[in-house]
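Peer 1: Using our numbering, the first residue of the sequence shown is number 69, and each one after it goes up by one.
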Amino acid sequence: MRTGICLAILLAANSQAATLCEVARLDRLPVCIETAGGVILAINTPEAEALGAAAESARPIFRVRFGRDAPRYAVVQNEASAEEIGRLKDNGFPVVLPLPSKADLIAQIEIQVRSAVEEQLPEASDAEIDSLVAEIVDRQVAAVSGVAIVAHELGHLWLQETFWPGASSVEGQYGGPAPDWLEEVAAVVMETELLSERRRAAFFEIWQQGLSFDLAAFFAMEHPAKLTADAARKAGRAIVKVGSAADGPDIDAFYAKSRVFADFLIDVTDQEILASIAEAAAQGSSMEQWLAAQGNERGLPSDLKSLELAWREWVTSVYGPPG
Ligand SMILES: [Zn+2]
Numbered sequence: 069m070r071t072g073i074c075l076a077i078l079l080a081a082n083s084q085a086a087t088l089c090e091v092a093r094l095d096r097l098p099v100c101i102e103t104a105g106g107v108i109l110a111i112n113t114p115e116a117e118a119l120g121a122a123a124e125s126a127r128p129i130f131r132v133r134f135g136r137d138a139p140r141y142a143v144v145q146n147e148a149s150a151e152e153i154g155r156l157k158d159n160g161f162p163v164v165l166p167l168p169s170k171a172d173l174i175a176q177i178e179i180q181v182r183s184a185v186e187e188q189l190p191e192a193s194d195a196e197i198d199s200l201v202a203e204i205v206d207r208q209v210a211a212v213s214g215v216a217i218v219a220h221e222l223g224h225l226w227l228q229e230t231f232w233p234g235a236s237s238v239e240g241q242y243g244g245p246a247p248d249w250l251e252e253v254a255a256v257v258m259e260t261e262l263l264s265e266r267r268r269a270a271f272f273e274i275w276q277q278g279l280s281f282d283l284a285a286f287f288a289m290e291h292p293a294k295l296t297a298d299a300a301r302k303a304g305r306a307i308v309k310v311g312s313a314a315d316g317p318d319i320d321a322f323y324a325k326s327r328v329f330a331d332f333l334i335d336v337t338d339q340e341i342l343a344s345i346a347e348a349a350a351q352g353s354s355m356e357q358w359l360a361a362q363g364n365e366r367g368l369p370s371d372l373k374s375l376e377l378a379w380r381e382w383v384t385s386v387y388g389p390p391g
């Protein structure tokens, strides 16, 4: 009998608690699905499920790399207004990821591809350029679809919300308080193994070309996509930059370096090295200060110059001597 009463109370309590989708739903998007770590608001169920699977593939990685549960997320297709983002945040979704609509994505990519094609083929006719642009855009849209970018973008937002809680994510990731290199590392380590292998292959090419890669500059550098991100933000658009050929070599190289530098740190130290660096950064420490305080106990040198040497040695052991 007691069990019966308890069960009745439990059921009553449950029926009063709104589900995540009841809280999150937006009228303009017909589908909402709940995942273990949040919700997906989408235009149809197959896309919602694919996005949910991508988000959930990243969540355990965040737990391992940053030693914390990923904050609850809402992934929203077809952009999200500042008001919608604010409402979701107020209702228990501290991380809100708006994704561009397919039409917007195509338009953004087309602008970048067209200017690259026109520059490279100044003699080509308009018709030739149109058909080449259409072909390249088709290929690239698939590569930067929501499913391909969701884990990466959640990495940015989770880092910010976990270590700089309350800092505005509406402003977009590259304006976040974390150093740009750490932001990008947090994003690329969330990606699939397939994408990670592509980043490593791109790094191998950079290394073989003998292009210099100075860690001090890497720690200080501004994200090469910052200008694009600023422009997108001003236009009220979602920021989507994950490195495709259309992004240009600087941005591709930045992702590749971020991925392999993360590999180095994880390989020579421990699983939670990024959590330690992020914690220190959130308290205002530079990488140099962090190294001096924690480098030795984590199995790294205690200054930047020696870190540079250790890094070059490690890269040489994995990728061969620089070209
Ligand atoms: Zn990124």
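Don't be surprised by glycine CBs; every beta carbon is placed ideally from N, CA and C.
For clarity, every value in this text was computed on a predicted model and none was experimentally measured.
#1: Check whether the Cβ of residue 255 sits closer than 7 angstroms to any heavy atom of ligand 1, and report yes or no.
#2: Mapping the DSSP letters down to three states, classify residue 105 as helix, strand or coil.
#3: So within the stretch 177-262, which uninterrupted alpha helix (DSSP H) runs reach at least 4 residues, ignoring any that extend past its ends?
#4: For residue 382 and residue 336, what's the separation of their Cα atoms in angstroms?
#5: Whole alpha helix (DSSP H) runs in the stretch 326-370 with 4 or more residues, listed along the chain?
#6: Please list, in chain order, all residues of the same chain as residue 139 whose beta carbon is under 7 angstroms from its beta carbon, the five residues on each side excluded.
#7: Does the Cβ of residue 290 lie closer than 7 angstroms to at least one heavy atom of ligand 1?
#8: Going by beta-carbon coordinates alone, are residue 127 and residue 105 separated by less than 8 angstroms?
#9: I'd like the list of long-range same chain contacts for residue 361, defined as Cβ closer than 8 angstroms, with 5 residues on each side in sequence excluded.
#10: Taking only runs of the alpha helix (DSSP H) that begin and end inside the stretch 123-166, which ones reach a length of at least 4 residues, in chain order?
#11: How close, in whole Å, do the beta carbons of residue 255 and residue 221 come, if the pair is a contact with beta carbons under 8 angstroms?
#12: For residue 118, does the three-state DSSP call read helix, strand or coil?
#13: Rounded to the nearest angstrom, how far is the Cβ of residue 268 from that of residue 327, given a contact under 8 angstroms?
#14: Within the same chain, show all residues whose beta-carbon is closer than 8 angstroms to that of residue 341, passing over the 5 residues directly before and after it, in chain order.
#15: Less than 8 angstroms between the CB atoms is what I'm expecting for residue 114 and residue 144, so what's the real figure, rounded?
#16: Does the beta-carbon of residue 325 have 16 or more other beta-carbons within 10 angstroms, so that it is buried, or is it exposed?
#17: Put residue 86 into one of helix, strand or coil per three-state DSSP.
#18: Can you round the beta-carbon distance between residue 205 and residue 177 to whole angstroms, since I take them to be within the 8 angstroms contact cut?
#19: Can a CB atom of chain B be found closer than 8 angstroms to the CB of residue 175?
#20: Could you give the C-beta distance for residue 346 and residue 134, rounded to a whole number, given that I count them as a contact under 8 angstroms?
#21: Which whole-angstrom value is the C-beta distance of residue 109 and residue 142, which I expect to be below 8 angstroms?
#22: Could you give the residue range of the alpha helix (DSSP H) that holds residue 375?
#23: Based on DSSP bridge pairs, tell me the residues matched to residue 110.
#24: To the nearest whole angstrom, what separates the beta carbons of residue 197 and residue 185, a pair I think is in contact under 8 angstroms?
#25: With a threshold of 8 angstroms on Cβ separation, who are the neighbours of residue 97 within its own chain once the five nearest residues in sequence on each side are excluded?
#26: Taking the Cβ atom as the reference point for each residue, do residue 388 and residue 277 lie within a distance shorter than 8 angstroms?
#27: Is residue 263 buried or exposed, if buried means 16 or more other CB atoms sit within 10 Å of its CB?
#28: Please work out which residues of its chain come closer than 7 angstroms, Cβ to Cβ, to residue 302, disregarding the five sequence neighbours upstream and downstream, and give them in chain order.
#29: Are the CB atoms of residue 151 and residue 94 nearer to each other than 8 angstroms?
#30: Among the candidates 202, 169, 190, 157, whose CA atom is the shortest distance from the CA of residue 179?
#31: Pop quiz: residue 116 and residue 99 are said to be a contact at Cβ under 8 angstroms. What is the actual Cβ separation, rounded to whole angstroms?
#32: Could you tell me the distance, in whole angstroms, from the CA atom of residue 102 to the CA atom of residue 194?
#33: Is any non-hydrogen atom of ligand 1 found closer than 7 angstroms to the C-beta of residue 115, if you look at the structure I gave you?
#34: Start and end of the alpha helix (DSSP H) containing residue 281?
Peer 2: So, from the data block:
#1: Relative to the non-hydrogen atoms of ligand 1, the Cβ of residue 255 comes within a distance shorter than 7 angstroms of at least one.
#2: Three-state DSSP puts residue 105 in coil, outside helix and strand.
#3: Taking only runs of at least 4 residues, the alpha helix (DSSP H) segments lying wholly in the stretch 177-262 are 194-211, 214-231, 248-256.
#4: Within the model, the alpha-carbon separation for residue 382 versus residue 336 is close to 9 angstroms.
#5: For the stretch 326-370, whole alpha helix (DSSP H) runs of length 4 or above, ordered along the chain, are 341-350, 355-358.
#6: The residues are 162, 163, 226, 229, 230.
#7: It does not: the Cβ of residue 290 is nowhere closer than 7 angstroms to a heavy atom of ligand 1.
#8: Cβ atoms of residue 127 and residue 105: closer than 8 angstroms.
#9: Exclusion of the five residues before and after residue 361 leaves 348, 353 as the residues of its chain whose Cβ lies within less than 8 angstroms of its Cβ.
#10: Segments of the alpha helix (DSSP H) lying fully in the stretch 123-166: 150-158.
#11: At roughly 7 angstroms, the Cβ-Cβ gap stays under 8 angstroms, so residue 255 and residue 221 are in contact.
#12: Looking at residue 118 - three-state DSSP - the assignment turns out to be helix.
#13: Approximately 6 angstroms separates the beta-carbon atoms of residue 268 and residue 327; this is inside 8 angstroms, confirming the contact.
#14: Within the same chain, residue 341 has close Cβ partners 333, 334, 366.
#15: No, residue 114 and residue 144 are not in contact; Cβ-Cβ is about 17 angstroms, not under 8 angstroms.
#16: When all chains shown are included, residue 325 counts as buried.
#17: If DSSP states are grouped into helix, strand and coil, residue 86 belongs with coil.
#18: Contact between residue 205 and residue 177 is confirmed by a C-beta separation of about 5 angstroms, below the 8 angstroms threshold.
#19: Among the chains of the structure shown, chain B does not appear; only one protein chain is present.
#20: For a cut-off of 8 angstroms, the C-beta gap from residue 346 to residue 134 is around 6 angstroms, short enough to register as a contact.
#21: Correct: roughly 6 angstroms between the Cβ atoms.
#22: Here the alpha helix (DSSP H) through residue 375 covers 372-387.
#23: Here residue 110 is bridged, per DSSP, to 99.
#24: Cβ atoms of residue 197 and residue 185 come within 8 angstroms of each other, at about 6 angstroms.
#25: The answer, listed in chain order, is 109, 110, 111, 144, 145, 146.
#26: No.
#27: So residue 263 counts as buried.
#28: Unreliable placement is indicated for residue 302, whose pLDDT of 42 sits below 50; no coordinate value is reported for it.
#29: In this structure, residue 94 does not lie closer than 8 angstroms to residue 151 by Cβ.
#30: Nearest C-alpha to residue 179: 202.
#31: Taking 8 angstroms as the upper bound for CB-CB distance, residue 116 and residue 99 are in contact here, some 5 angstroms apart.
#32: If I take the Cα positions, the gap works out to 47 angstroms.
#33: Residue 115 Cβ: outside cutoff for every heavy atom of ligand 1.
#34: Looking at the DSSP string, residue 281 is not in any alpha helix (DSSP H), and its letter there is neither H nor E.
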